[in-house]
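Contents: one structure, followed by commentary.
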Amino acid sequence: MAVSAFSTTLQTTDFATTCPTTPALWTEASLPPEDDEDNVLHIGGIFPVAGEGGWQGGQACMPAARLALEDVNREKNLLRGYRLHLHSNDSECEPGLGASVMYNLLYFPPYKLMLLAGCSTVCTTVAEAAKMWNLVVLCYGASSPALSDRNRFPTLFRTHPSATVHNPTRIKLLQKFGWSRVAILQQAEEVFISTVEDLEGRCKEAGIEIVTRQSFLSDPSDAVKNLRRQDARIIVGLFYVVAARRVLCELYHQKLYGQSYVWFFIGWYEDDWFEINLEKENIPCTKEQMRMAAEGHLTTEALMWNQNNDTTISGMTAEDFRKRLNKLLKDDGYDIDNNRYPEGYQEAPLAYDAVWSVALAFNRTMERLSKLGNSLKNFTYENKEIADEIYASVNSTQFLGVSGYVAFSSQGDRIALTQIEQVIDGKYVKLGYYDTQSDNLTWRNLERWIGGKVPQDRTIIRNVLRTVSLPLFISMATLSALGIVIAIGLIVFNVYNRHRRVIYSSHPTANTIMLVGIISCFLAVLCIGLDGRFVTPWQFLIVCQARAWTMSIGFTLAFGAMFSKVWRVHRLSTKAKADQGKKKIEPWKLYVMLGGLLSVDIILLVTWQVIDPLRRRIETFALELPPYGDEDAMIRPELEHCESERNRLWLGLIYGYKGVVLAFGLFLSYETRSIKIKLINDSRYVGMSIYNIVVLCLITVPVVMVISSQQDASYAFSALATIFCCFLSMALIFVPKVIEVIRHPRDKSESRYNPDGAVSKEEEEKYQKLLTENDELQKLIAAKEEKIQAIKQKLAERDALKGTGTSRCRQGQPKQSFIVADYPTGEGTSDSAIGGGISICTKSSRASASDVEFSETYL
Ligand SMILES: NCCCC(=O)O
Numbered sequence: 001m002a003v004s005a006f007s008t009t010l011q012t013t014d015f016a017t018t019c020p021t022t023p024a025l026w027t028e029a030s031l032p033p034e035d036d037e038d039n040v041l042h043i044g045g046i047f048p049v050a051g052e053g054g055w056q057g058g059q060a061c062m063p064a065a066r067l068a069l070e071d072v073n074r075e076k077n078l079l080r081g082y083r084l085h086l087h088s089n090d091s092e093c094e095p096g097l098g099a100s101v102m103y104n105l106l107y108f109p110p111y112k113l114m115l116l117a118g119c120s121t122v123c124t125t126v127a128e129a130a131k132m133w134n135l136v137v138l139c140y141g142a143s144s145p146a147l148s149d150r151n152r153f154p155t156l157f158r159t160h161p162s163a164t165v166h167n168p169t170r171i172k173l174l175q176k177f178g179w180s181r182v183a184i185l186q187q188a189e190e191v192f193i194s195t196v197e198d199l200e201g202r203c204k205e206a207g208i209e210i211v212t213r214q215s216f217l218s219d220p221s222d223a224v225k226n227l228r229r230q231d232a233r234i235i236v237g238l239f240y241v242v243a244a245r246r247v248l249c250e251l252y253h254q255k256l257y258g259q260s261y262v263w264f265f266i267g268w269y270e271d272d273w274f275e276i277n278l279e280k281e282n283i284p285c286t287k288e289q290m291r292m293a294a295e296g297h298l299t300t301e302a303l304m305w306n307q308n309n310d311t312t313i314s315g316m317t318a319e320d321f322r323k324r325l326n327k328l329l330k331d332d333g334y335d336i337d338n339n340r341y342p343e344g345y346q347e348a349p350l351a352y353d354a355v356w357s358v359a360l361a362f363n364r365t366m367e368r369l370s371k372l373g374n375s376l377k378n379f380t381y382e383n384k385e386i387a388d389e390i391y392a393s394v395n396s397t398q399f400l401g402v403s404g405y406v407a408f409s410s411q412g413d414r415i416a417l418t419q420i421e422q423v424i425d426g427k428y429v430k431l432g433y434y435d436t437q438s439d440n441l442t443w444r445n446l447e448r449w450i451g452g453k454v455p456q457d458r459t460i461i462r463n464v465l466r467t468v469s470l471p472l473f474i475s476m477a478t479l480s481a482l483g484i485v486i487a488i489g490l491i492v493f494n495v496y497n498r499h500r501r502v503i504y505s506s507h508p509t510a511n512t513i514m515l516v517g518i519i520s521c522f523l524a525v526l527c528i529g530l531d532g533r534f535v536t537p538w539q540f541l542i543v544c545q546a547r548a549w550t551m552s553i554g555f556t557l558a559f560g561a562m563f564s565k566v567w568r569v570h571r572l573s574t575k576a577k578a579d580q581g582k583k584k585i586e587p588w589k590l591y592v593m594l595g596g597l598l599s600v601d602i603i604l605l606v607t608w609q610v611i612d613p614l615r616r617r618i619e620t621f622a623l624e625l626p627p628y629g630d631e632d633a634m635i636r637p638e639l640e641h642c643e644s645e646r647n648r649l650w651l652g653l654i655y656g657y658k659g660v661v662l663a664f665g666l667f668l669s670y671e672t673r674s675i676k677i678k679l680i681n682d683s684r685y686v687g688m689s690i691y692n693i694v695v696l697c698l699i700t701v702p703v704v705m706v707i708s709s710q711q712d713a714s715y716a717f718s719a720l721a722t723i724f725c726c727f728l729s730m731a732l733i734f735v736p737k738v739i740e741v742i743r744h745p746r747d748k749s750e751s752r753y754n755p756d757g758a759v760s761k762e763e764e765e766k767y768q769k770l771l772t773e774n775d776e777l778q779k780l781i782a783a784k785e786e787k788i789q790a791i792k793q794k795l796a797e798r799d800a801l802k803g804t805g806t807s808r809c810r811q812g813q814p815k816q817s818f819i820v821a822d823y824p825t826g827e828g829t830s831d832s833a834i835g836g837g838i839s840i841c842t843k844s845s846r847a848s849a850s851d852v853e854f855s856e857t858y859l
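Residue numbers are given in the UniProt record's numbering: position 283 of the sequence shown equals residue 283, and the series is strictly consecutive.
Here it is, written out as structure tokens:
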């Protein structure tokens, strides 16, 4: 390999003596005598050649500088009587080694009039120090924007354009392809850090979002992973070529290449950079993998070769220069015929022109100094005057070189066009040029995208609303609709038959209220299933309110009606026996109770809606791949919720209130489980219905709260529970009544009155007569009871005086004899009645008169 030919020791090498070739134009006669030290102008050269990382552009730049040196020294009208002599060594693109090379150049005689340097890191070190020796530094291969700082580098010039010249081109391309989101991956070197700072500013100006900025020292794997995490699609990569190979291999492994990604790399790598040195650098990818990963990437680079066929200051065109350089490189052992170029081949014209710049500047300085009676040969590192003259001469140097028009800006920068290339089928294809100064993009429309379309700058995230599955909703809606129809039918049945005892004795108004509540609950089932599939977000707000109202009011009406029945049964069953005759339904009490429950409900709901109204809240879920496999799109599932700010507080209040009513209803149902009251004939069925509601509420409410993020499960659970409760309640309370009515379709005798006149007049009269007789008998019984009381009183008094008879009672049973006055014959049941007296066998010989009533079985 040619690089091995270069010395890596710190001793300076005489460039002229190590030059292996002699160009055809070279003639001994034109050369100044080599042994005449007075006629030699010494310059120092620092070339990165044989290092492991960074930019080893000295491999091609050093031969180019040698060519330039020959050409300059051969030029008669230049540096008349003088020849340039280059003392050079390898810096390996290591700033420390570069500094060492510089110190050797400076501390070993002769005085060097100027320094040439390549590689940003070395140039930075050298240029920062060189000012202390009043030395101008000319960098042929340093792109760092940091080098444009005149305060830090007051004596620096460069033929290499600043890396910032790529940034307007990058912005232009981002805009051209409509990319407004870009990520940056950079090696942690000042050259790239300062380039990125410039790029960030320009992106901000252009309204382009920098999604992430990742940097790495030597291992890019974590940084590349982070790019994937941040969904970076358009990525600007800034690194030296060795790091670029690692990045390329890593992005292959991380699958950050292909139709969805666009990488912007630096354009000054050699054309085959992604295929070479893989084994040497331990890159864990094959050539094929590297080629796959590199396919389609874009590069931007400052044009470093004169694009026209113009004859340059050296008398050559850029093509002539290429041929000479290629020959030189071939002689150095490079396989140029097979496109195997050494590193720095792109920048070779810059090195060539840098030597010409030096020569031209020295030429001008010599002229100016000679006018002042001074000479370049008087230069020392303390001689500021000559240093300033050299600086001024370089500053004003302008010529057409093989790299293009050479001129230096006030920052010492080169002004250049940029070129855009893309790897298509493994080869770089020129897509166009961009002139920053005139904002002119010349585009050849040769770009090719892997997927056949321009990649997107981000994953397109489609928000997809999760809705209740249609078959489920249709099933529940059908059941609910059926339930509503049945409930309406039962209301009609209930009202129509309200005079029948079977209905009348079940409190038909409460039944109707219960059915209205059930209808409301069925409507709530429909409302809960009405989601974004059917309604707009605005309509959803109304549906959302309707859910709360229909369910809450429906529950209160239905359960409240049942609750009022069992409560009434409980009240009646616990009243004193003496009040039993007054037992009767007082409807207003039921209405008051229902009204009370409903009022609490309405107050709670109104307060809730006024203070903290229900809103449409969207719950989002983890991104999912679309079913049709679009790499550029992802699905973000969303679920609508109907919630307030302090939803838990309100639900707690509502559930707390309903819970108390449920618990109390459950208690009353249990208490009245075996009580049968004719006035409320369906109390046991109502109790069963209450048990069912309580159990289902206890299961459903917590389960639905837990699975609220699973729309189908939660809807199915709540809808089925509601539907089941409603149907079961209707069935328990109305099926017996319907059966009764169906069995006796014309039986109206159970009615208290006959509104439709279906009963005959005779029957009605008979009924009235029986009622009258019944009243009279009641009165008679009351009178007799009074008499019995009086007799008992007397018997008790007589018993105390005479004692008690014992005949004809069963063994062990004492007999008591009472005097019965006016006892109706035939109606008495005692077989011991004698005259106006009565003998009664009692449990105890000491029975009192009051015991008679309870010993009637022994009469
Ligand atoms: N074009 C090579 C630049 C190298 C550097 O800036 O270090």
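The beta carbon of each residue, even a glycine, is placed where N, CA and C say it ideally should be.
Problem set entry | For Asn-440, the residue or residues it bridges with in DSSP | Within the sequence shown, numbered from 1, the residue matching residue 440 stands at position 440. DSSP lists Asp-435 as partners of Asn-440.
Exercise. In terms of residues, what are the limits of the alpha helix (DSSP H) holding Val-516?
Worked result: For the purposes of this step, residue 516 is taken as the residue at position 516 of the sequence shown. Residues 508-529.
For this session: Would you check if the region 597-609 and the region 420-433 touch, i.e. whether three or more CB-CB distances between them fall below 8 Å?
Result: no
For this session: State the DSSP-derived secondary structure class of Asp-601, mapped to helix, strand or coil.
Result: For the purposes of this step, residue 601 is identified with residue 601 of the sequence shown, where counting begins at 1. Looking at Asp-601 - three-state DSSP - the assignment turns out to be helix.
For this session: State the Cα-Cα distance for the pair Thr-842 and Asp-799, rounded to the nearest angstrom.
Result: The residue given as residue 842 occupies position 842 in the sequence shown. The residue given as residue 799 occupies position 799 in the sequence shown. A caution first: Thr-842 carries a pLDDT of 47, below 50, which makes its placement in the model unreliable, though a value can still be read off. Rounded to the nearest angstrom, the two C-alpha atoms are 14 Å apart.
For this session: Between the Cα of Val-502 and those of Ile-680, Phe-667 and Lys-427, spot the shortest distance and give me the residue it belongs to.
Result: Here residue 502 is taken as the residue at index 502 of the sequence shown, counted from 1. Comparing Cα positions, the closest option is Ile-680.
For this session: Name, in chain order, the residues that DSSP records as bridge partners for Thr-620.
Result: Mapped onto the sequence shown, residue 620 falls at position 620. The partner list for Thr-620 (beta bridge, DSSP) reads Glu-638.
Exercise. Of the choices Val-402, Leu-174 and Thr-164, whose alpha-carbon is the least far from that of Ala-351?
Worked result: As a working note, residue 351 is residue 351 in the sequence shown. Of the candidates Val-402, Leu-174 and Thr-164, the one whose C-alpha sits nearest the C-alpha of Ala-351 is Val-402.
Exercise. Do the CB positions of Val-196 and Leu-256 come within less than 8 Å of each other?
Worked result: Translated into the one-based positions of the sequence shown, residue 196 becomes position 196. Translated into the one-based positions of the sequence shown, residue 256 becomes position 256. Against a cut-off of 8 Å, the Cβ pair of Leu-256 and Val-196 comes out as no contact.
Problem set entry | Distance, Asp-90 Cα to Trp-356 Cα | Position 356 of the sequence shown, counting from 1, holds the residue named residue 356. Position 90 of the sequence shown, counting from 1, holds the residue named residue 90. Rounded to whole angstroms, Trp-356 to Asp-90 spans 21 Å at the Cα level.
Exercise. When the Cα atoms are used, what is the spatial distance from Asn-39 to Arg-83?
Worked result: Counting from 1 along the sequence shown, the entry for residue 39 is found at position 39. Counting from 1 along the sequence shown, the entry for residue 83 is found at position 83. Cα to Cα, Asn-39 sits roughly 6 Å from Arg-83.
Problem set entry | Spatial neighbours of Leu-129 in its chain, beta-carbon cut-off 8 Å, leaving aside the 5 residues before and after | Taking the first residue of the sequence shown as 1, we reach residue 129 at position 129. At residue 129 the sequence reads Ala, which differs from the Leu that was named. Hits under 8 Å: Ala-99 and Met-102.
For this session: Give the single residue among Ala-318, Thr-478, Ser-194 and Asn-440 whose Cα lies nearest to the Cα of Gly-404.
Result: The residue labelled residue 404 in the question sits at position 404 within the sequence shown. Minimum Cα distance to Gly-404 is reached at Ala-318.
Exercise. So, is Asp-337 buried or exposed, given that buried needs 16 or more other C-beta atoms within 10 angstroms?
Worked result: For this step, residue 337 is matched to residue 337 along the sequence shown. Burial call: exposed.
Exercise. Who does Trp-263 pair with in a DSSP beta bridge?
Worked result: By one-based count along the sequence shown, residue 263 stands at place 263. For Trp-263, which the question treats as bridged, DSSP gives the partners Ile-235.
Problem set entry | Limits of the unbroken alpha helix (DSSP H) element including Ala-68 | Within the sequence shown, numbered from 1, the residue matching residue 68 stands at position 68. Taken as a continuous stretch (DSSP letters only), the alpha helix (DSSP H) holding Ala-68 covers 58-74.
Problem set entry | Assumed close pair Gln-419, Glu-447 - CB separation to whole angstroms, cut-off 8 Å | Within the sequence shown, residue 419 is the residue found at index 419, counting from 1. Within the sequence shown, residue 447 is the residue found at index 447, counting from 1. Going by Cβ atoms, the distance from Gln-419 to Glu-447 rounds to 14 Å, so no, they are not a contact pair.
Problem set entry | Touch test, the region 287-301 against the region 370-389, Cβ-Cβ under 8 Å, three pairs minimum | no
Problem set entry | Segment contact flag, the region 677-697 with the region 721-733, C-beta cutoff 8 Å, min 3 pairs | yes
Exercise. So, do the region 612-625 and the region 643-655 have three or more beta carbon pairs nearer to each other than 8 Å?
Worked result: yes
For this session: Report the three-state DSSP secondary structure of Leu-174 (helix, strand or coil).
Result: Locating residue 174 in the sequence shown gives position 174, counting from the first residue. Looking at Leu-174 - three-state DSSP - the assignment turns out to be helix.
Problem set entry | Selection from Ser-552, Arg-568 and Met-114 that minimises the alpha carbon distance to Ser-599 | Here residue 599 refers to the residue found at position 599 of the sequence shown. Minimum Cα distance to Ser-599 is reached at Ser-552.
Exercise. DSSP beta-bridge partners for Ile-210?
Worked result: Reading the sequence shown from its first residue, position 210 is the one you call residue 210. Val-182.
Exercise. Count the other CB atoms within 10 Å of the CB of Ile-542; is the residue buried (16 or more) or exposed (fewer)?
Worked result: Reading the sequence shown from its first residue, position 542 is the one you call residue 542. When all chains shown are included, Ile-542 counts as exposed.
For this session: Return yes when the Cβ of Glu-270 is within less than 8 Å of the Cβ of Met-290, no when it is not.
Result: Here residue 290 corresponds to residue number 290 of the sequence shown, with the count starting at 1. Here residue 270 corresponds to residue number 270 of the sequence shown, with the count starting at 1. Against a cut-off of 8 Å, the Cβ pair of Glu-270 and Met-290 comes out as no contact.
Exercise. Taking the alpha carbon of Ile-654 as the point to measure from, which residue in Ile-602, Ala-348 and Ser-669 has its own alpha carbon closest?
Worked result: Counted from its first residue, the sequence shown places residue 654 at position 654. The shortest Cα separation from Ile-654 among Ile-602, Ala-348 and Ser-669 belongs to Ile-602.
Exercise. Out of Glu-70, Pro-627, Asn-77 and Asn-440, which has the shortest C-alpha to C-alpha gap to Thr-169?
Worked result: Within the sequence shown, numbered from 1, the residue matching residue 169 stands at position 169. Answer by Cα proximity: Asn-440.
Exercise. Considering only the beta carbon of each residue, do Lys-112 and His-42 sit closer than 8 Å?
Worked result: Here residue 112 corresponds to residue number 112 of the sequence shown, with the count starting at 1. Here residue 42 corresponds to residue number 42 of the sequence shown, with the count starting at 1. Contact flag set, yes.
For this session: Go ahead and label His-507 buried or exposed: buried means 16 or more other beta carbons lie within 10 angstroms of its beta carbon, across all protein chains shown.
Result: Walking along the sequence shown from the start, residue 507 turns up at place 507. So His-507 counts as buried.
Exercise. How is Pro-161 classed by DSSP in three states: helix, strand or coil?
Worked result: The count along the sequence shown starts at 1 and reaches residue 161 at position 161. The answer is strand: DSSP assigns Pro-161 an E or B state.
For this session: Report the three-state DSSP secondary structure of Glu-750 (helix, strand or coil).
Result: As a working mapping, residue 750 is identified with position 750 in the sequence shown. Note on Glu-750: pLDDT 49, under 50, position unreliable in the model; no value is reported.
Exercise. To which residues of the same chain is Ile-234 closer than 6 Å at the C-beta, ignoring the five residues directly before and after it?
Worked result: Within the sequence shown, numbered from 1, the residue matching residue 234 stands at position 234. Around Ile-234: Trp-179, Val-182, Val-262 and Asp-457.
Exercise. Per DSSP, what kind of secondary structure is Arg-80 in: helix, strand or coil?
Worked result: Residue numbering aside, residue 80 sits at position 80 when the sequence shown is read from its first letter. Coil.
Problem set entry | Delimiting residues of the beta strand (DSSP E) encompassing Ala-117 | By one-based count along the sequence shown, residue 117 stands at place 117. Its beta strand (DSSP E) spans residues 114-118.
Problem set entry | Residue nearest to Ala-348 in terms of C-alpha spacing, selected from Asp-632, Val-706 and Cys-119 | Numbered from 1 along the sequence shown, position 348 holds the residue referred to as residue 348. Among Asp-632, Val-706 and Cys-119, the Cα nearest to that of Ala-348 is on Cys-119.
Exercise. Does ligand 1 have even one heavy atom less than 7 Å from the beta-carbon of His-87?
Worked result: By one-based count along the sequence shown, residue 87 stands at place 87. No; taking the cut-off as 7 Å, the Cβ of His-87 has no heavy atom of ligand 1 nearer than that.
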